[in-house]
């Protein structure tokens, strides 16, 4: 009686392919991201901006306790979508790896290194037993020699983008980027484009529900926009939309998933 | 080596000579023995330079990690405790150091830490081969209501005096770091012959 045979290992976790070559748990993790609050990022020549949707579900929540753009190091920040509890674990690891790199080599961690470290961890959670994948995607952005913007997926895949969105508003926001992004966009243009894309995904866009942070090559330090600045940009954008009334182009960007 | 630390109401003053000795030889007369860890905390070096530098790197990484994780700066008291813990974990193969840690994060704080992690918070303290001379000067001149300027003068005088009587302490040039609520300032005071 005391010797219960250990469970056979094959169904303990997600390390098993389906007959047509899929890992269902990884796909389900992506679904968690698809239902998450929207996060967008836009690059310009001199920097990169991140903007996220804050779903404040009650007026009783202390807004100061609810920050969703996470600073990783002086020069790197991350914007999550999906299960925020999972994202926090990834953010903590990124912060640790950033300082370990600094301690080892005496210089700021390159964003590529950090992205690879985080994606190695995500990948490990699709292969080894006893764990589930992270139900979170992260936009990781920062400057070293140039501005960089990465998307990391629950599978551990990553891509570099000029402008990108993750979460429930991805299709809407990507359509706006496809239409309006240009390589010679400037700082104000990038910030406004990020807020525009995010605002389009919201039913009632308000400065309270949008968090924006940016970094420039010159300063190499992240800065948050305060509520008044967000309100100013948002008002300008809403005015412009009213004037020209951009035609809504609901395109399906799910073919992007083929990349994974 | 002689390094001293003095705490007053407005802040903390750290001072050190700039001579590195290699046995009985003067290796150089131009080194920094006070190392900034954050923009508001610094430590002084006495003992093995490599060991102090390694510890300084660790403290810097820990302070940055703390800042990004908790969204506020590590206090001097926290860092002194952390340093004490690191040193005590290595008590059977110790870092050969004697460190003064001083800073102004929320208030002025000063502590000395020995090789095994012994941690004492002080109003003033001195370390290194010249410390008996330096501490006597500070003991005589210290008042709790000193201004930062007065504390700086006292610290420089203590190091210079030690330099006159201790062979392993330089007397030409003193490094001074002042930390107040406005941040950290470094300067060098030179003496001609």
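Chains as they are written, first to last, in this note's numbering: chain A, 1 to 260; chain B, 261 to 453.
From the three backbone atoms N, C-alpha and C, an ideal C-beta is built for every residue, glycine too.
Predicted, not measured: the structure shown is a model, and the values here were computed from it.
Exercise for the section: Closer than 7 Å by C-beta to residue 335 (chain B): which residues in its own chain qualify, once you throw out the five before and the five after it? Chain order, please. Expected result: 365 and 366
Practice task
Report the residues of the stretch 320-345 of chain B with a CB closer than 7 Å to any CB of chain A, ordered along the chain.
Solution key: 321, 324, 325, 328 and 329
Problem - Identity of the residue in B:418, B:361 and B:342 nearest residue 402 (chain B) by Cα - result: B:418
Problem - the stretch 162-170 of chain A / the stretch 33-53 of chain A touching (three or more Cβ pairs under 8 Å) - result: yes
Exercise for the section: Please check if any C-beta of chain B sits within less than 8 Å of the C-beta of residue 226 (chain A). Expected result: no
Handout entry: Whole-number beta carbon distance between residue 147 (chain A) and residue 217 (chain A), since they are thought to touch under 8 Å
Key = Indeed, because the Cβ distance is near 6 Å, the residues count as touching under 8 Å.
Exercise for the section: Could you tell me whether any non-hydrogen atom of the ligand ATP is closer than 7 Å to the CB of residue 348 (chain B)? Expected result: As presented, the structure is devoid of all ligands, the ligand ATP included, so that no description of it is given.
Practice task
List the residues of chain B whose Cβ lies closer than 9 Å to the Cβ of residue 102 (chain A), in chain order.
Solution key: 317, 320, 321 and 324
Practice task
Per DSSP, which residues does residue 79 (chain A) bridge with? Please list them.
Solution key: A:139
Exercise for the section: Scan the stretch 142-185 of chain A and note each continuous beta strand (DSSP E) run of 3 residues or more that stays entirely inside, going in chain order. Expected result: 147-152, 158-160 and 163-166
Handout entry: Residue range of the unbroken alpha helix (DSSP H) whose run includes residue 123 (chain A)
Key = 111-124
Handout entry: Proximity of residue 102 (chain A) and residue 324 (chain B) at Cβ, strictly below 8 Å
Key = In contact: residue 102 (chain A) and residue 324 (chain B) (Cβ atoms closer than 8 Å).
Handout entry: Proximity of residue 47 (chain A) and residue 143 (chain A) at Cβ, strictly below 8 Å
Key = In this structure, the beta-carbon distance from residue 47 (chain A) to residue 143 (chain A) falls below 8 Å.
Problem - residue 384 (chain B) versus residue 412 (chain B) - alpha carbon distance - result: 12 Å
Exercise for the section: Please classify residue 9 (chain A): does DSSP put it in a helix, a strand, or coil? Expected result: Residue placement at residue 9 (chain A) is flagged as unreliable, the pLDDT there being 48, under the threshold of 50; a coordinate-derived value is accordingly withheld.
Exercise for the section: State whether the stretch 205-212 of chain A contacts the stretch 152-163 of chain A, with contact taken as three or more CB pairs (one from each stretch) at a distance under 8 Å. Expected result: By the Cβ test, the stretch 205-212 of chain A is not in contact with the stretch 152-163 of chain A, since fewer than three Cβ pairs between them sit closer than 8 Å.
Handout entry: Top-ranked residue by Cα proximity to residue 345 (chain B), from B:330, B:374 and B:369
Key = Here the closest residue by C-alpha is B:374.
Practice task
Indicate whether residue 275 (chain B) and residue 436 (chain B) have their beta-carbon atoms separated by less than 8 Å.
Solution key: yes
Handout entry: Range of the contiguous beta strand (DSSP E) that encloses residue 379 (chain B)
Key = 379-381
Practice task
To the nearest angstrom, report how far apart residue 189 (chain A) and residue 262 (chain B) are at their CA atoms.
Solution key: Going from the Cα of residue 189 (chain A) to the Cα of residue 262 (chain B) covers about 57 Å.
Practice task
Counting only the same chain and skipping the five closest in sequence on each side, list residues whose C-beta sits under 6 Å from that of residue 119 (chain A).
Solution key: 152, 156 and 158
Exercise for the section: Can you tell me which of B:347, B:448 and B:327 puts its alpha carbon nearest to the alpha carbon of residue 430 (chain B)? Expected result: B:448
Practice task
Determine the DSSP secondary structure at residue 387 (chain B), reduced to helix, strand or coil.
Solution key: strand
Handout entry: Residues, ordered as in the chain, of the stretch 86-111 of chain A that lie near chain B by beta-carbon distance below 8 Å
Key = 92, 95, 96, 98, 99, 100, 102, 103 and 106
Problem - Segments of 3+ residues assigned as beta strand (DSSP E) that fall wholly inside the stretch 316-401 of chain B - result: 359-364, 368-373, 379-381 and 384-387
Problem - Test item: CB-CB of residue 434 (chain B) and residue 420 (chain B) under 8 Å - result: yes
Exercise for the section: Count the C-beta pairs between the stretch 84-92 of chain A and the stretch 308-318 of chain B that are closer than 8 Å, then say yes if the count reaches three, no if not. Expected result: The answer is no - the stretch 308-318 of chain B does not touch the stretch 84-92 of chain A, with fewer than three Cβ pairs under 8 Å.
Exercise for the section: Anything in chain B within Cβ reach of residue 123 (chain A), meaning under 9 Å, just list it in chain order. Expected result: Per Cβ cutoff of 9 Å: no residues; residue 123 (chain A) is ~24 Å from chain B at best.
Problem - Residues that residue 61 (chain A) contacts on chain B, provided the C-beta gap is smaller than 9 Å - result: None at all; the shortest Cβ gap to chain B is about 18 Å.
Handout entry: the stretch 48-59 of chain A touching the stretch 130-145 of chain A, judged by at least three CB pairs closer than 8 Å
Key = yes
Handout entry: Residue of A:65, A:58 and A:82 minimising C-alpha distance to residue 27 (chain A)
Key = A:82
Practice task
List the residues of chain B whose Cβ lies closer than 7 Å to the Cβ of residue 71 (chain A), in chain order.
Solution key: 328
Exercise for the section: Using beta-carbon positions only, say whether residue 43 (chain A) and residue 149 (chain A) come within less than 8 Å of one another. Expected result: yes
Problem - 8 Å Cβ shell around residue 408 (chain B) - same chain, five flanking residues per side excluded - result: Same-chain partners within the cutoff: 268, 270, 271, 273, 438 and 440.
Problem - Contained beta strand (DSSP E) runs [length at least 3] in the stretch 50-80 of chain A, N- to C-terminal order - result: 70-73
Practice task
Label residue 124 (chain A) either buried or exposed according to how many other C-beta atoms from any shown protein chain fall within 10 Å of its C-beta, with 16 as the threshold for buried.
Solution key: exposed
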